[in-house]
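Trainee:
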Amino acid sequence: MKKTNLIISISLLAACFLVNDVAIARGKLPFIGTKSFNFSGGTGTGESITINKNGSAIIKHYGTSGSSVLYKGKFSNHIKSKDGEEWLLKGDKIYSLTNGKIDKDCMGDGKPCVSDLYGDDPTPPVASDAGKLKKMTVTGKILYGTLDSGIEDINGGPGLTFLSDSKMAAKIFKKCQQDDICKISGLVKVSYDDGGGVLSKLVSVKLIKDNTPAY
């Protein structure tokens, strides 16, 4: 009887240690699952972070032409990629960093680069006429990205995106730079819920206001 009680006691003790270890491991992780975020708030700039139970993490970027992995490895806070990109999680928010310091001006407002962590689906909703080509003219601010760039309508209407290294981008950037107000017309493949999408054919580009900083 004593031997049976001893075995039970040892089993219970081992189970307690196991539960405690799991609790400690989970305590080091801000969440388990996938959260999405967007520092720039535009189309083609969404990202997601997935944290697994084993402590591994994956950060992805979702552009207009598909997704790419920015980081894959062990979760830490903060995270550093091989390409020098950095992220820091605090509560339900995520920050973009450079050399350990929080970046600023992701939204063009001089404020810290921070985004809420939300939902489970980082891809934008699809419009009912998704995939259709339509003529669009957008007057707004030029936003440059490493993979994708775009123009954000100054009146809050649908915007459009294009690959930063495309021939169309070269023509646009010849006249318009980051934060300039420009007017772009062309054929757009509808890809987003607001009716905006990906520029398929550039018809015209016109500089409306040069916002290049004066040095």
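For the sequence shown, our numbering assigns the number 510 to the initial residue and increments by one for each residue that follows. Note that CB positions come from ideal geometry on N, CA and C, so glycine has one too.
#1: At which residues does the alpha helix (DSSP H) containing GLY677 begin and terminate?
#2: On the DSSP letters alone, give me the boundaries of the beta strand (DSSP E) that THR554 sits inside.
#3: For GLY542, list the residues DSSP reports as bridge partners.
#4: Are there 16 or more other CB atoms within 10 angstroms of the CB of TYR750, so buried, or fewer, so exposed?
#5: So for CYS615, helix, strand or coil by DSSP?
#6: Pick out whichever of LYS710, LYS544, GLU556 and LEU538 has its Cα sitting closest to the Cα of MET645.
#7: Helix, strand or coil: which one does DSSP assign to ILE660?
#8: Taking a contact to mean a Cβ-Cβ separation below 9 Å, would you say LYS680 touches CYS691 in this structure?
#9: So, using beta-carbon positions, are ASP470 and GLY617 closer together than 9 Å?
#10: Any idea if HIS587 is buried or exposed, counting beta-carbon neighbours within 10 angstroms, 16 or more meaning buried?
#11: Sort LEU642, VAL714 and SER605 by Cα distance to LYS650 and report the nearest one.
#12: Kindly indicate which residue of TYR580, SER576, LEU652 and SER545 has the alpha-carbon position closest to the one of ILE603.
#13: Between the alpha carbons of SER549 and ASN563, how many angstroms are there, rounded?
#14: Once DSSP output is grouped into helix, strand and coil, what is the label at THR655?
#15: Whose C-alpha, out of ILE560, GLU556 and TYR580, is nearest the C-alpha of HIS570?
#16: Whole angstroms are fine: how far does the CA of SER694 sit from the CA of THR632?
#17: Bridge partners of LYS643, per DSSP?
#18: Where VAL699 and LEU642 are concerned, what is the direct C-alpha to C-alpha distance, given to the nearest angstrom?
Mentor: Taking the geometry as given:
#1: The sequence given here places Met at residue 677; Gly does not occur at that position. MET677: member of the alpha helix (DSSP H) spanning 676-684, first to last residue.
#2: Counting along the chain, THR554 sits inside no beta strand (DSSP E), nor does DSSP assign it H or E at all.
#3: The partner list for GLY542 (beta bridge, DSSP) reads ILE560.
#4: Absent from the model: residue 750. The displayed extent of the chain is 510 to 724, so no value can be given.
#5: Correct three-state label for CYS615: coil.
#6: Ranking LYS710, LYS544, GLU556 and LEU538 by Cα distance to MET645 puts LYS710 first.
#7: It is a strand residue.
#8: With respect to CYS691, LYS680 sits apart: the two C-beta atoms are not nearer than 9 Å.
#9: Nothing about residue 470 can be reported from this structure: the residues present for the chain run from 510 to 724 only.
#10: Of the other Cβ atoms in all chains shown, fewer than 16 fall within 10 Å of the Cβ of HIS587; this residue is therefore exposed.
#11: Of LEU642, VAL714 and SER605, the residue nearest in Cα terms is VAL714.
#12: Here the closest residue by C-alpha is SER545.
#13: The straight-line gap from Cα to Cα measures roughly 30 Å.
#14: When secondary structure is reduced to three states using DSSP, THR655 falls in the coil class, being assigned neither helix nor strand.
#15: Nearest neighbour of HIS570 by Cα position, chosen from ILE560, GLU556 and TYR580, turns out to be GLU556.
#16: In this predicted model, THR632 has a pLDDT of only 44, less than 50, meaning its place in the structure is not dependable enough to derive any value.
#17: Note: LYS643 sits in a beta bridge opposite VAL697.
#18: Rounded to whole angstroms, VAL699 to LEU642 spans 6 Å at the Cα level.
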